[in-house]
Amino acid sequence: MDTVEIRLLEKADAVVIAEAFAALGWPGKTVAQYERYLADQEAGRRLIFVATLGEVFAGYVTVEWISGYRPFREQSIPEITDLNVLPPYRRRHVATALVDAAEAAIAERSPTAGIGVGLYADYGPAHLMYLARGYRPDGRGITYQAETVAPGTTVRVDDDLVLMMSRQLGKAAAS
């Protein structure tokens, strides 16, 4: 069994990643997106960790140093975003390795990591992983496009409907 290797996004990855998601029919995962991610990484706004098994791309995750979610931004909580593992590589500890890398990077700058998790069935395994890692809802309810959803509001159930969670890292997490 191949070992999961984690490294930062490189220029050549943009095409490889976009092609991998295009082959699955996943919309929106374009070369331009990964080129923007690389520019953000080079500017210090974001980190992008890429996972490979052997020489094969398996998934990625990003860390946004300044969250788009106002409560995290106001508390200087970096946010883990856009965790994606290709279906053939799931249940092989790829997501765990990616989140480990993201949390280690965050722990160098902040005692707390934030994350948002989608609310439809495809996100079930992510919910379980985040809860097992110690993430807890932030207590503000659900959000849509990074804004808290008011009672009675109708929203679309898609990737923008999320529950925001956070976790204490390092020594604070152990106590």
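15 is the number of the first residue of the sequence shown in the working numbering; add one for each residue after it. Glycine included, each C-beta is placed from N, C-alpha and C at the ideal position.
First and last residue of the uninterrupted beta strand (DSSP E) at residue i
i      : result
Asp152 : 150-158
Tyr144 : No beta strand (DSSP E) holds Tyr144; the alpha helix (DSSP H) holding it covers 138-146.
Ile62  : 60-67
Whole-Å CB distance - residue i paired with residue j, under 8 Å assumed
i      : j      : result
Ala118 : Ile94  : Actually they do not touch by this definition, with Cβ atoms about 11 Å apart.
Val113 : Arg147 : 7 Å
Residue closest to residue i, alpha-carbon to alpha-carbon, out of the options
i      : options                        : result
Leu183 : Thr17, Leu67, Thr126, Arg87    : Thr126
Glu56  : Thr162, Glu24, Gln159, Ile156  : Glu24
Trp79  : Tyr144, Gly153, Leu142, Ile129 : Ile129
Ala67  : Asp114, Leu145, Val99          : With the sequence shown as reference, residue 67 is identified as Leu, and Ala is not the correct amino acid for it. Here the closest residue by C-alpha is Val99.
Gly82  : Thr157, Pro139, Gly138         : Thr157
Arg21  : Tyr51, Ala37, Ile62            : Ile62
Glu19  : Thr110, Thr167, Glu33          : Thr110
Ala52  : Ala36, Glu69, Ala160, Ala26    : Looking at the sequence provided, one finds Leu at residue 52 rather than Ala. Comparing Cα positions, the closest option is Ala26.
Same chain, Cβ closer than 8 Å to residue i, five either side skipped, listed in chain order
i      : result
Ile31  : Lys43, Tyr48, Val64, Phe71, Tyr74
Arg150 : Met179, Ser180, Arg181
Arg87  : Ile80, Ser81
Own chain residues within Cβ distance below 6 Å of residue i, not counting five before or after
i      : result
Tyr134 : Val171
Pro92  : Val77, Trp79, Ile120, Ser124
Asp152 : Met178, Ser180
Where the alpha helix (DSSP H) containing residue i begins and where it ends
i      : result
Asp173 : Where Asp173 is concerned, there is no enclosing alpha helix (DSSP H), given that its DSSP letter is neither H nor E.
Asp27  : 27-38
Val45  : 45-56
Ala111 : 108-121
Arg21  : Premise fails: Arg21 lies in the beta strand (DSSP E), 18-22, not in any alpha helix (DSSP H).
Counted within 10 angstroms of its Cβ, other Cβ atoms place residue i as buried (16 or more) or exposed
i      : result
Ser90  : exposed
Val108 : buried
Ala46  : exposed
Ala34  : buried
Cβ neighbours of residue i in the same chain (closer than 7 Å, five flanking residues each side left out)
i      : result
Asp96  : Val75, Thr76
Val131 : Tyr137, Ala140, His141, Tyr144, Val176, Leu177, Met179
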